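Quick notes on the structure that follows.
Protein chains: 2
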Amino acid sequence: MDVKQYMADVGRKARQASRAMAAAETGVKNQALIATAAAIESSRAALMAANKKDMDNGAANGLEASLLDRLELTDARIDTMIEGLHQVASLTDPVGEISDLSYRPSGIQVGSMRVPLGVIGIIYESRPNVTVEAASLCLKSGNATILRGGSEAIHSNQAIATCIEQGLKAASLPAEAVQVIETTDRAAVGELITMPEFVDVVVPRGGKGLIERISKDATVTVIKHLDGICHVYIDDQADADKAYDIAINSKTHRYGTCNTMETLLVAEAVAADILPRLAEGYGKAGVELRGCAQTCAILPAAIAATEEDWSTEYLAPILSIKVVAGLDQAIEHINQYSSQHTDTIVSENYSRGRRFIREVDSSSVMINASTRFADGFEYGLGAEIGISTDKIHARGPVGLEGLTSQKYVVLGDGQVRR
Amino acid sequence: MDVKQYMADVGRKARQASRAMAAAETGVKNQALIATAAAIESSRAALMAANKKDMDNGAANGLEASLLDRLELTDARIDTMIEGLHQVASLTDPVGEISDLSYRPSGIQVGSMRVPLGVIGIIYESRPNVTVEAASLCLKSGNATILRGGSEAIHSNQAIATCIEQGLKAASLPAEAVQVIETTDRAAVGELITMPEFVDVVVPRGGKGLIERISKDATVTVIKHLDGICHVYIDDQADADKAYDIAINSKTHRYGTCNTMETLLVAEAVAADILPRLAEGYGKAGVELRGCAQTCAILPAAIAATEEDWSTEYLAPILSIKVVAGLDQAIEHINQYSSQHTDTIVSENYSRGRRFIREVDSSSVMINASTRFADGFEYGLGAEIGISTDKIHARGPVGLEGLTSQKYVVLGDGQVRR
Chain R
1 MDVKQYMADV
11 GRKARQASRA
21 MAAAETGVKN
31 QALIATAAAI
41 ESSRAALMAA
51 NKKDMDNGAA
61 NGLEASLLDR
71 LELTDARIDT
81 MIEGLHQVAS
91 LTDPVGEISD
101 LSYRPSGIQV
111 GSMRVPLGVI
121 GIIYESRPNV
131 TVEAASLCLK
141 SGNATILRGG
151 SEAIHSNQAI
161 ATCIEQGLKA
171 ASLPAEAVQV
181 IETTDRAAVG
191 ELITMPEFVD
201 VVVPRGGKGL
211 IERISKDATV
221 TVIKHLDGIC
231 HVYIDDQADA
241 DKAYDIAINS
251 KTHRYGTCNT
261 METLLVAEAV
271 AADILPRLAE
281 GYGKAGVELR
291 GCAQTCAILP
301 AAIAATEEDW
311 STEYLAPILS
321 IKVVAGLDQA
331 IEHINQYSSQ
341 HTDTIVSENY
351 SRGRRFIREV
361 DSSSVMINAS
371 TRFADGFEYG
381 LGAEIGISTD
391 KIHARGPVGL
401 EGLTSQKYVV
411 LGDGQVRR
Chain X
1 MDVKQYMADV
11 GRKARQASRA
21 MAAAETGVKN
31 QALIATAAAI
41 ESSRAALMAA
51 NKKDMDNGAA
61 NGLEASLLDR
71 LELTDARIDT
81 MIEGLHQVAS
91 LTDPVGEISD
101 LSYRPSGIQV
111 GSMRVPLGVI
121 GIIYESRPNV
131 TVEAASLCLK
141 SGNATILRGG
151 SEAIHSNQAI
161 ATCIEQGLKA
171 ASLPAEAVQV
181 IETTDRAAVG
191 ELITMPEFVD
201 VVVPRGGKGL
211 IERISKDATV
221 TVIKHLDGIC
231 HVYIDDQADA
241 DKAYDIAINS
251 KTHRYGTCNT
261 METLLVAEAV
271 AADILPRLAE
281 GYGKAGVELR
291 GCAQTCAILP
301 AAIAATEEDW
311 STEYLAPILS
321 IKVVAGLDQA
331 IEHINQYSSQ
341 HTDTIVSENY
351 SRGRRFIREV
361 DSSSVMINAS
371 TRFADGFEYG
381 LGAEIGISTD
391 KIHARGPVGL
401 EGLTSQKYVV
411 LGDGQVRR
């Protein structure tokens, strides 16, 4: 197979299909989503059989247990896929929304209309449910999609692709609107990220290594999601109970997520009061504490933190703690070490909260709330295709709107420039 | 001079200065703009002397007359620069604006806050007034700027940079917030567009060649402005007078601008009526007509258009004309040949207008208005740094808002994730 030729063909078909998708009415797109759900429901046996092939191959190739777990399609996971499709169908369609339409002195009306991006490439690892999730969000936002899942999930993904194709056909939408790449050749990814004539945006979903590799080589725009080194700063005017709850929840609610706190900053004036109580809570949860010198003086059980700790995303029950003089030092530390993902201040002081949200340059800045809220569902986006740590185009949780662009709409009555 | 080292140094200083700029209050930024205007006013002699050096060098090096004209600083052009600074000072500051702040079921409030992009690189050709224009827009939107003008304007640009530095100092803003690259070495551009750690966006302002070169090599996001192949489609339900006015104005108001019409599409049913009248108007203006076979049958004076004509940006008194069956063929032609800049339908038919603005995928889509309206001032942006033909980040005329991004703001009262 000539991969370059094959990918150009996939790209051309996607570009072609994207025109029909951009013009498709909301009801038609919803019909495709619901018909896909029905096709998945009636294809459970086929999906399971395809997945068994992948699982058997994976086991034979010595795939890690955690990867095998992600790869597995269970009845419950298929239920979730079906539910997800219905959920996306129920979301408001952003496409075509006209905003800020107002009259100009010349008599023309000028506004902005939301439009699909065009063709979106999704590169992901072994979880087959991403195939449905990503395809449904792109479809609802009027885009054509090219999906490239992990090679170990190829049979599962092909089986899911068949269901999506049935859904598209049921709504008379072009089958090429969602294409799952048929080859496991790695060169296909290289092509996908370097054909801006056919692909408008690439969304890599997976580990940091995958995303860094893709960003390095891509000539197509990449919606990146790199580290989540999130901070909670407990101010000396914090409410002690809120500070306790937020600091514990931000770390211990889940360890492996990008919006989990990795570094706790505590104002000097309250450190001796609040740190021992927090250490008890973290101790119960089994969280290892790594502190600056002042922290270690207050908490003898804490390990001395190294410079590296301040820029480490542990994704584990480990927390670094630093005592700071106050707000200025906290902001300075965050702007130096944060990955610009999510940072929180706990304070009852109005002016400090106001300064924190203005001066901390992260995709989510919070006052008195757990970093764990940085999430498309919690923000009311309905769904998310990822959390962008970029500043350009989309920043923070990316929902349907992040998969669209805007164009200017001008309504006139024969006006010409004088 | 080690250009790599020098540019890294410029980049590092810009990144540093961008922090102070992001936190700067609107009044302070306006003060810097007005103080820059005052510095320019009191430096007229110095500016003229520096410009004379560039003009003399240009003449000695055999620079074309048109380039010498662009390079020249006259009293009137200095007046325009001063006026421009006051105008930008009077624009609403987009930074810090919080929108869509609403309560979520968890009790947190979620909204979006507009923030500067960070560091913006501007690459332009010989016009020294771009130095002031670009710097003022970046400054007002809270960004740090690195400016790289044409080497033939180096003395003029350095003199202007001195005035901007005085303005920044008068407002106690860091002098490094606006840096004019001091070397004319071309390698500096190569560095500027490949240091994403220091530069967030690059805006090339100049010819297509410059923009293509930069886009090809850049690893930093580029706000691109390529061709303007704009269309007017005269529908068979067009008001004949509006059609005449719009078709004449879109072509003849100015020939060298990107929002000038290059191809006129006319519905078959009205072609024989409207084309002779239009040909008379174009004839008076001295516009050469190149038509499809049907056009040439109606207008014997028209030259036969070749396939190449449909994708040519003439930037000259030349117009290609094609007779189409109706709306579908018009949209098809536009989506194939348009550069996705600006396209207009002239029609009194509601449904066709509605379809046109939805289905034509260009940065500006218009009903019954001259393509010449596609402009930041006409759209009410107050100023523009360029017109983007990209879909990602900014599309169409780019004003202050296009130089910003958004971050999520979460206001809580101790909420944690359950």
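So the protein sequences, as listed, match chains R and X. In terms of the UniProt record's numbering, the first sequence opens at residue 1 and continues consecutively. In terms of the UniProt record's numbering, the second sequence opens at residue 1 and continues consecutively. For every residue, glycine included, the Cβ atom is placed at its ideal position computed from N, Cα and C. A quick note: this is a predicted structure, and the numbers were derived from the prediction, not measured.
Examine chain R for any beta-carbon lying closer than 7 Å to the beta-carbon of Gly380/X, and answer yes or no.
-> yes
Out of Glu262/R, Leu73/R and Val220/R, state which residue places its alpha-carbon closest to the alpha-carbon of Glu197/R.
-> Val220/R
Along chain B, in chain order, which residues have C-beta atoms closer than 8 Å to that of Glu262/X?
-> Going by chain labels, chain B is absent from the structure shown, which instead holds the protein chains R and X.
Gln166/X and Thr36/X look like a contact to me (Cβ under 8 Å); what is the Cβ gap, rounded to whole Å?
-> 7 Å
Is it true that the CB of Gly58/X sits closer than 7 Å to the CB of Glu152/X?
-> yes
Tell me, please, whether the CB atom of Val110/X is closer than 7 Å to any CB atom in chain R?
-> yes
Whose Cβ in chain R lies nearer than 7 Å to the Cβ of Ala177/X?
-> Within 7 Å Cβ-Cβ: nothing; Ala177/X doesn't reach chain R, min ~16 Å.
List the DSSP bridge partners of Asp343/R.
-> His231/R and Val365/R
Residues of the segment 112-128 of chain X whose Cβ lies closer than 8 Å to any Cβ of chain R, in chain order = Met113, Val115, Leu117 and Gly118
Opening and closing residue of the beta strand (DSSP E) in which Pro116/X lies | Segment Gln109 to Pro116, the beta strand (DSSP E) holding Pro116/X.
Rounded separation between Val95/X and Gln329/R - CA only | Distance between the alpha carbons of Val95/X and Gln329/R is about 23 Å.
Backbone CA spacing between Leu319/X and Met366/X [nearest angstrom] = 19 Å
Under 9 Å (Cβ pairs) to chain X, residues found in the segment 191-206 of chain R | Asp200 and Val201
Express the C-alpha separation of Ser338/R and Arg352/R in angstroms, rounding to a whole number.
-> 19 Å
Sort out for me which residues DSSP pairs Ile274/X with in a bridge.
-> Note: Ile274/X sits in no beta bridge, so no partner.
List the endpoints of the continuous alpha helix (DSSP H) containing Lys208/X.
-> Unbroken alpha helix (DSSP H) run through Lys208/X: Lys208 to Asp217.
Neighbouring residues, chain R, relative to Asp245/X (Cβ below 9 Å) | Gly414, Gln415 and Val416
C-beta contact flag for Ala177/R and Ala17/R at 7 Å | Yes; because the gap between Cβ atoms is below 7 Å, this pair is in contact.
Of all Cβ atoms in chain X, is any one closer than 7 Å to the Cβ of His225/R?
-> no
With distances taken Cα to Cα, identify the nearest neighbour of Thr344/X among Arg290/X, Arg12/X, Cys230/X and Ala316/X.
-> Ranking the options by Cα distance to Thr344/X, first place goes to Cys230/X.
Using a beta-carbon distance cut-off of less than 8 Å, what residues from the segment 361-380 of chain X approach chain R?
-> Asp361, Ser362, Ser363, Ser364, Val365, Met366, Ile367, Asn368, Ala369, Ser370, Arg372, Phe373, Ala374, Glu378, Tyr379 and Gly380
Beta-carbon neighbours of Asp239/R, restricted to chain X and to distances below 8 Å = Gly414
So, is the C-beta of Tyr337/R closer than 7 Å to a C-beta in chain X?
-> no
When the Cα of Thr404/X is compared with those of Arg114/X, Ala20/X, Met1/X and Ile98/X, which residue comes out closest?
-> Arg114/X
Would you kindly work out how many angstroms separate the C-alpha atoms of Lys29/X and Ser136/X, rounded to a whole number?
-> 9 Å
With respect to the alpha helix (DSSP H) encompassing Lys13/X, which residues constitute its N-terminal and C-terminal limits?
-> Here the alpha helix (DSSP H) through Lys13/X covers Val3 to Ala23.
Would you check if the segment 277-289 of chain X and the segment 365-382 of chain X touch, i.e. whether three or more CB-CB distances between them fall below 8 Å?
-> no
Same chain, Cβ closer than 7 Å to Arg277/R, neighbours up to 5 away in sequence not counted | Tyr244
Residue 419/R burial status per 10 Å Cβ neighbour count (16 or more: buried) | It is not possible to answer for residue 419/R, since the shown part of chain R is limited to 1 through 418.
Considering Ala267/X, what are the terminal residues of the beta strand (DSSP E) in which it resides?
-> Met261 to Ala267
According to DSSP, what are the bridge partners of Ala304/X?
-> Gly291/X
Are Ala32/R and Leu173/R close, meaning C-beta to C-beta below 7 Å?
-> yes
CB-CB under 6 Å to Ala238/R, same chain, minus the five flanking residues each way: which ones, in chain order?
-> Val346 and Ser347
If you check the beta carbons only, do Ile78/R and Arg44/R fall under 7 Å apart?
-> yes
Gln406/X versus chain R: which residues are under 7 Å apart at the beta carbon?
-> Arg395
Of all the options Ala171/R, Gly281/R and Ala316/R, which has the alpha carbon lying nearest to the alpha carbon of Leu299/R?
-> Gly281/R
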